[in-house]
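Residue numbers (numbering that gives the first Met the number 0), protein chains in the order written: chain A, 0 to 325; chain B, 0 to 252. Okay, so here's the structure we're looking at.
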Amino acid sequence: MPGLFTIAKKELLDIVTEKKFLLIFATLLIVVLVSTFQGAQNFMEMSSSSSAYTTLEFSTSGNNSEPQIKTLSIGSTNLYWALYSMVKNISTVGGLLAIAISFDAINKERLSGSLKTLLSYPVYRDSVLGGKYLGGFAAITIVTLTTFMAGIGVFVGVTGTPLTFDNTARLLIFLGMSVVYLALFLGIGLLLSIVLPEPSTSLLAAIIIWLASTQLIPNLGWAIASIVYPFSFTTSGNIGKFGPSSAHELLRKVITGISPSASFEQTVSGILSTSKMEFSGYTHVNVPISLGQALMTCLPNLIYLVALLVVVFAACYVTFTRQEIR
Amino acid sequence: MYRRMMAMSTIIDVRNLTKRYGDLVAVDHVSYEIHEGEIFGLLGPNGSGKTTTILMLVGLINPTEGTAVISGYDVIKQPLEARSSVGLLPENAGYYDNLTARQNLSYYADLARVSRVLARKSIDELLDLVGLSDWKNTKVQAFSRGMRQRLGIAQSLIRDPEILILDEPTQGIDPEGTRDIRELVKELSKERGKTVVLTTHLLHEVDKLCDRVAIMKQGKLIALDTIPNLTNQIKAEEGADFEEVFLRFQGVM
Ligand SMILES: Nc1ncnc2c1ncn2[C@@H]1O[C@H](COP(=O)(O)OP(=O)(O)OP(=O)(O)O)[C@@H](O)[C@H]1O
Ligand SMILES: [Mg+2]
């Protein structure tokens with residue numbers, strides 16, 4: 000495709016020299032460093048006490064003298080547990096960065112009148128689209144790689160966790176998934192910049208989609224699941240458990256899974272979960288989850304994310320190649 | 000095959016070209032041929048369909064009906080080949096504000112696959128030609144409207160195209176610049192054999208410049224000939240200027 004790399008190169012240069020990009024990138028990096036540092040310290044504490052524990056908190060408040068269970072938390076030394084905030088930050092701040100890169104890719108040029116000059120050259124529209132996307136993708140890859148290396152560096156440095164084959168494979172899949180996820184947001188921004196004529200409108204639309212994905216849909220999933228399957232108290236052996244039923248969990252996962260951010264977080268949590276808690280008689284044990292098992296459980300989410308990416312890209316292609324440029 | 004069959008001198012063949020926007024027919028079944036090496040003026044009042052015609056020629060908008068053939072290539076079936084011999088100065092074009100004049104041209108040279116060595120030399124020459132040599136390292140955001148237009152003309156020449164399509168090249172340009180552009184267009188056509196298609200509202204320029212003109216009105220082609228022939232056609236009195244001729248064709252006078 001003639002012109003593809005020329006356009007991609009210019010796009011990448013434009014992106015990385017822009018202030019908004021540097022600002023959000025710096026924010027992401029700082030937030031990830033700080034939160035991973037904390038996560039790593041908690042991880043250390045947990046590993047030094049016991050490999051697994053359960054806490055129940057009771058409160059006797061109000062005029063009701065019966066104790067009420069407030070919280071229950073189950074912990075284990077688990078990669079996901081340590082890297083939870085890093086995943087969360089890539090999902091939120093990273094998503095924001097991706098749309099900040101692409102929300103005006105096409106409409107800004109259309110508005111300034113440079114698009115018609117560009118398209119009068121012997122380049123296909125696919126090359127323009129592809130070049131814009133590729134430039135943004137390169138920027139996103141740089142961001143993800145840097146953030147990832149910094150985060151993992153802090154984690155390994157603080158905890159001294161050895162990078163085994165299994166660990167490394169999981170981390171690399173996490174990295175790859177992050178790139179796919181951010182590439183999706185990049186595509187959404189690009190599509191909006193094609194469909195909406197004004198950058199201010201496409202920015203607003205992009206932020207609404209971002210909010211829906213990172214906040215609205217996950218909260219809605221929680222709320223709906225809680226109404227349909229309220230929390231209940233269950234006993235297993237002599238251990239009481241107050242919390243969501245498995246039906247609740249499933250419904251919540253299905254609803255929140257519509258959101259790319261939640262889907263990404265679910266996928267990564269699956270990949271990074273090296274073990275899970277299981278009750279066994281009077282105690283509970285850490286049951287390891289193999290990489291293969293982990294991959295199988297998050298396969299639907301993964302397929303969903305990739306399918307979304309393909310759909311968004313196809314929509315960009317179809318709308319842009321048919322558009323009139325004047 | 001097709002190329003050889005066509006008359007040697009026809010370089011742009013507009014065939015029944017039509018563009019509809021709902022009920023409005025912006026370009027209405029227009030056909031004509033533009034000859035190699037001539038300066039062809041596309042004239043008409045605001046909204047008569049000049050820009051729409053040009054945008055269809057370079058593939059930025061799709062015709063509702065009809066097509067055009069440039070250098071033997073159909074603009075619908077082979078858009079890339081068709082526009083590869085064309086340098087375009089679009090109407091109200093913009094350039095990259097965050098880049099300098101030179102960087103802008105260097106980007107266009109890359110897109111046109113002009114070799115680096117050749118580009119470096121021709122960029123400076125072109126900037127000189129359009130009177131921007133003092134501004135070559137200035138970011139375009141600091142450019143005035145006329146300076147942007149000059150940059151646009153340099154841009155249209157970067158690939159040394161056989162055909163130049165200039166949509167209102169003198170828009171926003173001062174009288175001295177207007178004269179420079181006129182001389183430049185003349186030189187490109189007469190000395191270097193380029194075909195130039197231009198639109199303009201400066202009728203006195205047309206008089207001095209164009210070999211043939213096409214006059215459009217509400218999307219239709221209402222006249223096409225050399226200026227002396229057009230003057231004869233309306234039996235204008237001796238010494239009538241082209242403005243009068245043009246307005247007569249439009250039915251204003
Ligand atoms: N996107 C569009 N939708 C509807 N009508 C359009 C659109 N674009 C152009 N037109 C109409 O097409 C007609 C031709 O416009 P065009 O820009 O070709 O005129 P022009 O001859 O270049 O005029 P000017 O001298 O003002 O540049 C006008 O009536 C215009 O309103
Ligand atoms: Mg026009």
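Ideal Cβ placement from N, Cα and C applies to all residues, glycine included. Nothing here was measured: the structure is a model prediction, and the numbers come from that model.
If we cut at 7 Å on Cβ distances, does L22 (chain A) have a partner in chain B? So no, L22 (chain A) is outside the interface.
Pairs of beta-carbons, one from the stretch 210-224 of chain B and one from the stretch 36-46 of chain B, closer than 8 Å: are there three or more? yes
Using C-beta distances below 7 Å, list every residue in its chain close to A149 (chain A), excluding the 5 sequence neighbours before and after it, in chain order. L28, V31 and L32
Under 8 Å, with one C-beta from each stretch per pair, do the stretch 46-55 of chain B and the stretch 225-233 of chain B reach the 3-pair mark? no
Comparing alpha-carbon positions, which option in B:L110, B:D123, B:Q154 and B:A81 lies nearest I10 (chain B)? B:A81
Specify the secondary structure class of R14 (chain B) as computed by DSSP and reduced to three states. strand
Of the listed residues B:R14, B:R147, B:R181 and B:L246, nearest to L98 (chain B) (C-alpha basis): B:R147
The beta strand (DSSP E) with D206 (chain B) in it runs from where to where? Going by DSSP, D206 (chain B) is part of no beta strand (DSSP E) but of the alpha helix (DSSP H) stretching over L202 to L208.
Are the CB atoms of S212 (chain A) and S201 (chain A) within a distance shorter than 7 Å? no
State whether the stretch 76-91 of chain A contacts the stretch 265-272 of chain A, with contact taken as three or more CB pairs (one from each stretch) at a distance under 8 Å. Yes, the stretch 76-91 of chain A is in contact with the stretch 265-272 of chain A.
Is the beta carbon of A7 (chain A) less than 7 Å from the beta carbon of G134 (chain A)? yes
Quick one: what's got a C-beta closer than 7 Å to S34 (chain A)'s C-beta in the same chain, skipping five residues either side? If we look at S34 (chain A) and ignore the five residues flanking it on each side, its Cβ neighbours are S84, M85 and N88.
Exposed unless 16 or more other CB atoms sit within 10 angstroms - verdict on N103 (chain B): By the neighbour-count rule (16 or more Cβ atoms within 10 Å), N103 (chain B) is buried.
So for V244 (chain B), helix, strand or coil by DSSP? DSSP places V244 (chain B) within a helical segment (H, G or I) once states are collapsed to three.
Rounded to the nearest angstrom, what separates G256 (chain A) and L215 (chain A) at their Cα positions? G256 (chain A) and L215 (chain A): Cα-Cα distance of roughly 12 Å.
Comparing alpha-carbon positions, which option in B:I233, B:E90 and B:L202 lies nearest G250 (chain B)? B:I233
So, with DSSP's three-state summary, where would you put K115 (chain A)? helix
Report yes if the C-beta of A211 (chain A) is less than 6 Å from at least one heavy atom of ligand 1; otherwise report no. no
How would you label Y52 (chain A), buried or exposed, when you count the other beta carbons within 10 angstroms and need 16 or more for buried? Caution is warranted here: a pLDDT of 44 is assigned to Y52 (chain A), below 50, making its placement in the model unreliable, and the coordinate value is therefore given only provisionally. Residue environment analysis places Y52 (chain A) among the exposed positions, since fewer than 16 neighbouring C-beta atoms fall within 10 angstroms of its C-beta.
In angstroms, rounded to a whole number, what distance separates the CA positions of T233 (chain A) and I223 (chain A)? 21 Å
Taking contact to mean at least 3 C-beta pairs separated by less than 8 Å, is the stretch 114-132 of chain B in contact with the stretch 9-19 of chain A? no
Check Q67 (chain A) in the structure and name its three-state DSSP category. Because Q67 (chain A) carries a pLDDT of 43, less than 50, the predicted location of this residue cannot be relied on, and the following value inherits that uncertainty. DSSP places Q67 (chain A) in strand when its eight states are reduced to three.
Would I14 (chain A) pass as an interface residue toward chain B - the criterion being a Cβ-Cβ separation below 7 Å? no
Residues in its own chain within less than 7 Å of D73 (chain B) by CB, not counting five upstream and five downstream? T66 and A81
Cutting at 8 Å between CB atoms, please list the residues of its own chain near W221 (chain A), excluding the five before and the five after it. R251 and T255
If we define contact as Cβ-Cβ less than 7 Å, is S83 (chain B) a contact residue for chain A? yes
Quick one, are the C-beta atoms of Y180 (chain A) and F263 (chain A) less than 7 Å apart? yes
Hey, K131 (chain A) and E10 (chain A): beta-carbon distance below 7 Å or not? yes
Establish whether the CB of P44 (chain B) and some CB of chain A are separated by less than 7 Å. no
Using CA coordinates, which residue listed in A:S101, A:F241, A:V267 and A:L22 is at the minimum distance from A204 (chain A)? A:S101
For K8 (chain A), does the three-state DSSP call read helix, strand or coil? In the structure shown, K8 (chain A) falls within a helical segment according to DSSP collapsed to helix, strand and coil.
Based on the DSSP secondary-structure assignment, which residues constitute the bridge partners of M215 (chain B)? B:L220
Using only the heavy atoms of ligand 1, determine whether one of them is closer than 6 Å to the beta carbon of S47 (chain B). yes
If I measure Cβ to Cβ from V129 (chain B) and keep anything under 6 Å in the same chain, skipping five residues before and after, which residues do I get? R149, I152 and A153, listed in sequence order.
Give the straight-line distance between the Cα atoms of Y228 (chain A) and Q265 (chain A), rounded to the nearest whole angstrom. 20 Å
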